[in-house]
Amino acid sequence: MTRETDTNPAPEQAPGRRDFLGMVTTAGTVTGIAACAIPFVESLQPQDSAAAHLPVDVDITRLAPGQQMVAVWQGKPVFIIRRTPEELASLQNAELSAQLKDPGSTANQQPGYARNWHRSIAPEYGVYVGICTHLGCVPAYIPPQGSGPEASGGYGCPCHGSKFDLAGRVQKGAPAPYNLPVPPYAMASATVIRLGENPKGETFDFSTIEQI
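According to numbering that gives the first Met the number 0, the sequence shown is numbered sequentially starting from 0.
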């Protein structure tokens, strides 16, 4: 008796199964890449212009007297400084005022509610857009050292040497033509400064300033 041999080929579904597994693997890989790529692509998209113009709340709880912090509003650096009584006294020094281009803030570089000797709502806190009015560099904070108007501190532009006092007022002889701008802002509370929003009853359009 002749024994029949099994001449049937391997199950036809094997290649199909391999194809199916390959499709599953490929799909999983693509899904994983897509999951990683979507946040990356989204991060490259420009920010919503409406969101960029919303007010920004800045917590100043930890800002000690004599210190400065930097916030960002509409893509611009904003210097927030807490001035000491000695620093405030220096801003009213007649000798210092004589060295300034616009000591009375007559140029439209600030809201009406900041058109005063300290250029702010509350004398203790100064709020200034940290962009030099010459060619747009970011000035560096210079803490007060010693005594006298020359040592009262302020800001120095690293690009072309313009100097500003602790109220953002530019010195004579500097290439910067105007004081540092004061943005619209309000004291939302004793410990929160709200950038981009005027105090109640006040109006100020930042786009109307002389220069930034």
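Quick reminder that beta carbons are idealized off the backbone N, C-alpha and C, glycines included.
Note that the structure is predicted; figures quoted are calculated from it, not measured.
Just to confirm my understanding: we take Thr207, look at its own chain, exclude 5 residues before and 5 after, and list those with CB closer than 8 Å. What are they? Asn107
For Phe78, which option in His133, Leu53, Gly125 has the closest C-alpha, if you only look at C-alpha atoms? Gly125
Would you call Glu86 buried or exposed, if buried means 16 or more other Cβ atoms sit within 10 Å of its Cβ? buried
One question on the structure: do Ala70 and Val181 come within less than 7 Å of each other, judged by their Cβ atoms? no
Classify Arg61 as buried or exposed, calling it buried when 16 or more other Cβ atoms lie within 10 Å of its own Cβ. exposed
6 Å CB neighbourhood of Asn178 in its chain, flanking five on each side removed: Asp101, Gln108, Gly167, Arg168, Val169
Beta-carbon proximity check, Pro76 vs Glu196, cutoff 7 Å: no
Simplified DSSP state of Ser188, which is helix, strand or coil: strand
Using the beta-carbon count (16 or more within 10 Å), is Asp164 buried or exposed? buried
Nearest-angstrom Cα separation, counted from Ile80 out to Met68: 6 Å
Pro183 vs Phe205 beta-carbon contact at 7 Å: yes
On the three-state DSSP scale, how would you describe Tyr177? coil
Using C-beta distances below 6 Å, list every residue in its chain close to His133, excluding the 5 sequence neighbours before and after it, in chain order. His159, Ser161, Pro174, Ala175
Taking the alpha-carbon positions, what's the Trp72 to Ile192 distance? 12 Å
Neighbour-count burial assignment, Gly74, 16 or more Cβ in a 10 Å radius: exposed
Specify the secondary structure class of Leu95 as computed by DSSP and reduced to three states. helix
Short of 6 Å in beta carbon distance, which residues of its chain neighbour Cys131, apart from the five on each side in sequence? Order them along the chain. Pro138, Cys156, Ser161, Ala175
In the structure shown, what three-state DSSP assignment does Leu87 receive? helix
Do Gly152 and Pro143 have their beta-carbon atoms positioned less than 7 Å apart in this structure? yes
Cα-Cα separation, Asp58 to Thr190: 6 Å
Let me make sure I understand the geometry here. Which of Ala185, Phe203, Leu90, Leu194 has the alpha-carbon closest to that of Ala291? Nothing can be reported for residue 291: it is not among the residues displayed for the chain, which extend from 0 to 211.
From Pro198 to Lys171, what does the alpha carbon distance come to, in whole angstroms? 32 Å
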